[in-house]
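Per the working numbering, the sequence shown starts with residue 130, numbered consecutively. Glycine included, each C-beta is placed from N, C-alpha and C at the ideal position. The structure presented is a predicted model; accordingly, all values stated were derived computationally and were not measured. Here is the structure we will look at, set down as structure tokens.
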Amino acid sequence: HDMTMSALELRRQRTQFDLAVAVEEFDGQVLGVVDYRSDLWDESSIGRMADNYQSILQAFVRSPDRLLAPERPGTGRESTLIGPVTHDSPDVVDAVHAAGVVHAQRCAIVATDGEYTYAELIGRARAIASALVVNGVVPGAIIALHLVRGRDLPAAMLGALMARATYVPLDPSYPRSRNLQILTDTAPALVLTNGASALHLPANLRSLNLDTIVPCVQTFLPPPRPDDIAYVIHTSGSTGVPAGVEITRGA
Numbered sequence: 130h131d132m133t134m135s136a137l138e139l140r141r142q143r144t145q146f147d148l149a150v151a152v153e154e155f156d157g158q159v160l161g162v163v164d165y166r167s168d169l170w171d172e173s174s175i176g177r178m179a180d181n182y183q184s185i186l187q188a189f190v191r192s193p194d195r196l197l198a199p200e201r202p203g204t205g206r207e208s209t210l211i212g213p214v215t216h217d218s219p220d221v222v223d224a225v226h227a228a229g230v231v232h233a234q235r236c237a238i239v240a241t242d243g244e245y246t247y248a249e250l251i252g253r254a255r256a257i258a259s260a261l262v263v264n265g266v267v268p269g270a271i272i273a274l275h276l277v278r279g280r281d282l283p284a285a286m287l288g289a290l291m292a293r294a295t296y297v298p299l300d301p302s303y304p305r306s307r308n309l310q311i312l313t314d315t316a317p318a319l320v321l322t323n324g325a326s327a328l329h330l331p332a333n334l335r336s337l338n339l340d341t342i343v344p345c346v347q348t349f350l351p352p353p354r355p356d357d358i359a360y361v362i363h364t365s366g367s368t369g370v371p372a373g374v375e376i377t378r379g380a
């Protein structure tokens with residue numbers, strides 16, 4: 130029997146994941162589709178992400194043997210290339226310190242609540258790391274970052290790494306049930322908060338508000354090891370309870 134087939138476009142009303150990107154080659158072109166949850170992302174954010182992704186791919190095609198360093202989002206400038214790919218790249222803390230030596234007053238972080246130069250970022254991260262140590266955080270301890278997005282979020286990540294702690298990122302804008310599941314799974318020794326984010330946490334959790342941390346004399350910070358767990362990232366939990374994935378500093 131003869132059979133004929135034709136393409137049928139399927140329209141889904143709900144996406145299966147928080148964010149999913151599919152890229153394929155078709156008829157000599159590379160096509161991409163982005164599925165996202167509209168309660169977590171807006172169209173302008175996805176558009177900026179797609180533009181940045183395209184710029185990175187274009188720069189990588191021109192020089193595939195070099196690392197890519199994207200410019201600030203929203204500047205309209207394409208990615209720059211910072212060096213050859215190697216398997217003995219420095220620890221991220223050492224890399225930031227090295228950049229701070231050369232570019233102390235150059236802008237390192239841009240956020241809606243302000244900017245940090247490299248010198249300011251390193252100083253803020255050291256203050257956070259010292260506060261963690263003073264509050265009993267030891268190497269390998271898990272801390273949760275329940276932080277409103279802003280310039281202190283990357284500073285807290287860097288501070289956690291300086292203290293050799295393992296950080297677990299939590300987004301206060303996500304459903305409270307998801308964040309509570311992750312907190313139950315990881316049982317952090319301390320939760321870092323800022324702004325009003327502490328209001329969304331159970332009262333029995335031990336927390337430290339970054340807004341109360343001030344510059345201080347640096348406490349002794351233990352040297353890092355490449356097999357330290359840098360952070361734990363959790364899956365969306367769309368098929369059940371969010372699962373944590375450990376990422377080492379040397380990964």
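Restricted to the region 274–310, the beta strand (DSSP E) segments that are unbroken, complete and at least 3 residues in length are 295–299, listed in chain order.
L328 and R166 have their C-alpha atoms spaced approximately 25 Å apart. Residue burial annotation: L160 is exposed, with fewer than 16 other C-beta atoms found within 10 angstroms of its C-beta. Residue range 172–191 is occupied by the alpha helix (DSSP H) that includes N181. Nearest Cα to A372 within the set T313, L334, T322: T313. Within the region 320–360, the beta strand (DSSP E) runs of at least 3 residues that lie entirely inside it are, in chain order, 336–338.
If you draw a straight line from the Cα of I311 to the Cα of R255, it comes to about 27 Å. DSSP places E244 in no alpha helix (DSSP H) but in the uninterrupted beta strand (DSSP E) bounded by 243–246. In the three-state reduction of the DSSP assignment, E138 falls in the coil class.
Residue range 158–165 is occupied by the beta strand (DSSP E) that includes D164.
A273 places its beta carbon 8 Å or farther from that of V239. If you check the CB distance, A233 and I257 do not come in under 8 Å. Between the region 239–250 and the region 291–311 there are fewer than three C-beta pairs closer than 8 Å, too few to call the two in contact.
Minimum Cα-Cα distance from A316 among the listed residues R278, A325, S336 corresponds to S336.
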